[in-house]
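Take any residue in the sequence shown, note its place counting from 1, add 539, and you have its number in the working numbering. Everything on this sheet refers to the single structure shown next.
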Amino acid sequence: MANGSPARKNIILKEAAKLFRENGYPSSNLRELARRAGIQGGSIYHHFSSKQEILFQLMDNTMSDMIRRLKIILEPLDCPTERLRRTIRFHIGYHIAGPDETYITDDELRNLEGDNYRQIISKRDRYQQLFEDIIATGQAEQNWQISDIKLFARAIIQMCAGVARWYRPDGKFTIDQIAEQYFTLLTTGLMSR
């Protein structure tokens, strides 16, 4: 891993997320990234050893932050229904707040190589496990009607992440309203009849 100032690295990662989202990872080049980050073309190697390292670092930072923040939100909550409500709100809000980073993390996984790929898959699994734990607890304690916990968790994650693709701040619904409607949609199917 190359060295470099943390502030400059953050600028490069932010610009990389935008560039990779606009052009796709394979079509993006480091010269353009350096230009956008306000540095000379070769200077990028003072901060990162390769384009692959940039992609990995971008995804790793995003997944680590999502896991950390969601754990903080869930830690004081015992009720699985409230935990699910807050998780849905967090996931939607996080994707809307960082659409470039989350888009890359969601859609460019196929471009990670070897150990980079395995590390991000491991973090994605840990993040999904937080959802699965809530669903399993709701199933055990509140008789939620779920036939496959893993499938249901994946469906929630994808449904909520998708909001960032169409959400507009001046649109019909606020983030909180969307999250609450998604929560209602999901829990209406969960509660025993």
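Even glycine gets a Cβ: it sits at the ideal position worked out from N, Cα and C. Treat the numbers as computed from the prediction; the structure is a model and nothing was measured.
Residue i, buried or exposed, once every other Cβ within 10 Å from all chains shown has been counted against 16
{"i": "R570", "result": "exposed"}
{"i": "F712", "result": "exposed"}
{"i": "W705", "result": "exposed"}
{"i": "A555", "result": "buried"}
{"i": "A546", "result": "exposed"}
Three-state secondary structure assigned by DSSP to residue i
{"i": "S567", "result": "coil"}
{"i": "S603", "result": "helix"}
{"i": "P615", "result": "coil"}
{"i": "I659", "result": "helix"}
{"i": "S589", "result": "coil"}
{"i": "I524", "result": "There is no way to answer for residue 524, as the model of the chain reaches only from 540 to 732."}
{"i": "Q579", "result": "coil"}
Residue from the options with nearest C-alpha to residue i
{"i": "R575", "options": "D617, R625 and K557", "result": "K557"}
{"i": "I643", "options": "K553, T726 and E671", "result": "K553"}
{"i": "Y564", "options": "L594, F670 and Y633", "result": "L594"}
{"i": "I674", "options": "R560, S566, R624 and Q591", "result": "R624"}
{"i": "S603", "options": "I660, K689 and D709", "result": "I660"}
Start-end ranges of the alpha helix (DSSP H) lying completely within the segment 664 to 731, minimum 4 residues: 688 to 700, 702 to 705 and 714 to 729
Meets three-Cβ-pair contact criterion under 8 Å: the segment 568 to 588 and the segment 605 to 619: Verdict: no, contact absent.
Contact the segment 648 to 661 vs the segment 690 to 709: 3+ CB pairs below 8 Å: no
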